[in-house]
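Okay, structure first, notes after.
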Amino acid sequence: HNSEAGLPLDAIIIGGNKLSRGLTLEGLTVSYFLRPARYYDTLMQMGRWFGYREGYLDVCRIYTTANLQNWFHHTSIAAEQIRDDFNTMVASGCTPREFGHRILNHPLMMVTSPTKMRHGSQQQVSYEGTPVETLVFNIDNSVVESNFAALSEIGATLRSNDLDSESEVEEFRELTWRNVPSDLILNFLRAYKEHPATTKVRPQYLANYIENQVRRNMLTEWTVKICQGSKDLIELTPGIQLRPLQRAWKKYHPGDPYTVGRCGSPSDEFEDMPVDSEEYQTARDRTREIYRLSHQDEGEGNLPNIPRGPGIRYARPPERGLICLYPIEAQPPRIEGQPIFAPELEGILPLPRQLVGFFISFPGDEGAIPINYIVNQVFRRQEEEGFWNE
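Take any residue in the sequence shown, note its place counting from 1, add 19, and you have its number in the working numbering.
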């Protein structure tokens, strides 16, 4: 920017409570985001401030709070999910009228304005065609023990019932069972205790959604996969030994919950699809079609060779779900691969037991019955009083 005298001007620009949609600050290199904002549109508008210009990315810097960083991350995921929905809609040959509910009722888009919350706004939420993964964990010792007990219980039941197990000894890297009845999944979800701050993974809502579909004879069969890592063997339950995964505390700040980037691998999602099956081929074809729609400027050489995300979920029959279970050895945060031993972590790590995470891949199902989600204090009170268990 040039001053009236034609000289270069170094300036500090302070924004007010409202952001100008048309404001462009030429030469902006350092931005400080401090204003708390939970609306997606407000956050995305703030994101235009940071001064990016092609060829100058290395000189741009953003400073913000951990809370705002988490919200930006959440908003970017939500925006990516919407783009995936549009591409899936086109690939499926649906119209916006036929596919609109996927945009409005996405379970990761349940952030509602305070005004709507005050007036008792109610939404219907469908998990059809979506992934759900635990990324935030409750590390209270009693909760850790309780969740590990829930994992042990489902493992013991699968082992004792001999439900199409593909792995009988600990030498196998994965423990997988097919044709598992929905009751076992419901029991696990109802026993699982999430972190109170999580907005994405609410086991009680997941259980209610599954129950709604079971009444339609959907989601009646499940594939259950207990994933392993490289840690020392532990006994999950008599007859099942496994090696926990290791996951570091992501971007630790004092007082923050234990958060990880991912529990498992993207390939976990097509665990129930043999590579030589027609279902796998359909999933891969749909993945490629969705990729073409979202990367029209690229050639055919970059097409995915394996199924991904929506391509997998809309190739899976609506009668079958997939749940991956992850025993996790909690690790301290890392910088450049090296663990950080913050004084605040003394007495927190190591945990008495392994954490338990899960990933659910819900199949596409146009007839899926949604659940009601009331985003206000009344809903919280009803939940505590057992309203959702009736």
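Note that CB positions come from ideal geometry on N, CA and C, so glycine has one too. Here the structure is a predicted model, which is why all the values come from computation and not from measurement.
Is residue i near residue j, with beta carbons less than 7 angstroms apart?
i	j	result
Leu-225	Leu-203	no
Val-233	Thr-242	no
Ser-380	Asn-106	no
Leu-62	Thr-84	no
Gln-247	Arg-262	yes
Leu-170	Leu-344	yes
Tyr-51	Tyr-82	yes
Arg-332	Gly-383	yes
Leu-322	Arg-307	yes
Phe-167	Arg-327	no
Ile-390	Val-144	yes
Any idea if residue i is buried or exposed, counting beta-carbon neighbours within 10 angstroms, 16 or more meaning buried?
i	result
Asn-324	exposed
Asp-159	exposed
Arg-80	exposed
Leu-53	exposed
Gly-356	exposed
Ala-30	exposed
Leu-76	exposed
Pro-222	buried
Glu-385	exposed
Gly-274	exposed
In its own chain, which residues sit with a C-beta less than 6 angstroms from the C-beta of residue i, not counting the 5 before and 5 after it?
i	result
Leu-177	Trp-196
Leu-341	Thr-242, Asp-291 and Ser-380
Ile-245	Leu-194 and Leu-344
Val-78	Thr-48
Lys-269	Thr-278, Val-279 and Gly-280
Gly-119	Here Gly-119 scores only 46 on pLDDT, less than 50, and its place in the model should not be relied on; the value that follows carries that caveat. Nothing listed; no residue qualifies.
Just checking my contact of residue i with residue j at CB under 8 angstroms: how many whole Å lie between their CB atoms?
i	j	result
Phe-156	Tyr-277	4 angstroms
Ile-388	Asn-231	4 angstroms
Phe-378	Asp-287	6 angstroms
Val-220	Thr-153	5 angstroms
Pro-329	Ile-347	No, Pro-329 and Ile-347 are not in contact; Cβ-Cβ is about 26 angstroms, not under 8 angstroms.
Pro-337	Met-237	5 angstroms
Leu-205	Ile-229	6 angstroms
Leu-252	Gln-260	5 angstroms
Considering only residues of the same chain and omitting the five flanking positions on each side of residue i, which have a CB-CB separation below 8 angstroms?
i	result
Ile-32	Leu-44 and Leu-47
Ala-216	Val-155 and Pro-276
Leu-370	Ile-158, Asn-160, Val-163 and Ala-349
Phe-289	Tyr-299, Ala-302, Ile-325, Pro-326 and Ile-331
Ile-359	Tyr-271, Pro-351, Pro-352 and Arg-353
Arg-335	Asp-291, Met-292, Glu-298, Ala-302, Leu-341, Ser-380, Pro-382 and Gly-383
Glu-404	At Glu-404 the pLDDT is 45, less than 50, meaning the model places this residue with poor confidence and gives no usable figure here.
For residue i, name the three-state secondary structure that DSSP assigns.
i	result
Ala-267	strand
Glu-190	Summary for Glu-190: the model assigns pLDDT 41, below 50, so the residue's position carries little reliability; its value from the coordinates is reported in the next sentence. Glu-190: coil per DSSP, three-state reduction.
Phe-381	coil
Ser-145	coil
Gly-174	helix
Phe-360	coil
Thr-153	coil
Ile-229	helix
Ile-31	coil
Gly-484	An answer regarding residue 484 cannot be provided, because it is not within the stretch 20 to 409 covered by the chain.
Does at least one heavy atom of the ligand ATP sit under 6 angstroms from the Cβ of residue i?
i	result
Leu-312	Ligands displayed in this structure: none; no statement on the ligand ATP is therefore possible.
Residue i CB to nearest chain C CB: under 7 angstroms?
i	result
His-214	Reference to chain C is not applicable here, since this structure consists of a single protein chain.
Please list, in chain order, all residues of the same chain as residue i whose beta carbon is under 7 angstroms from its beta carbon, the five residues on each side excluded.
i	result
Asn-180	none
Gly-258	Arg-178
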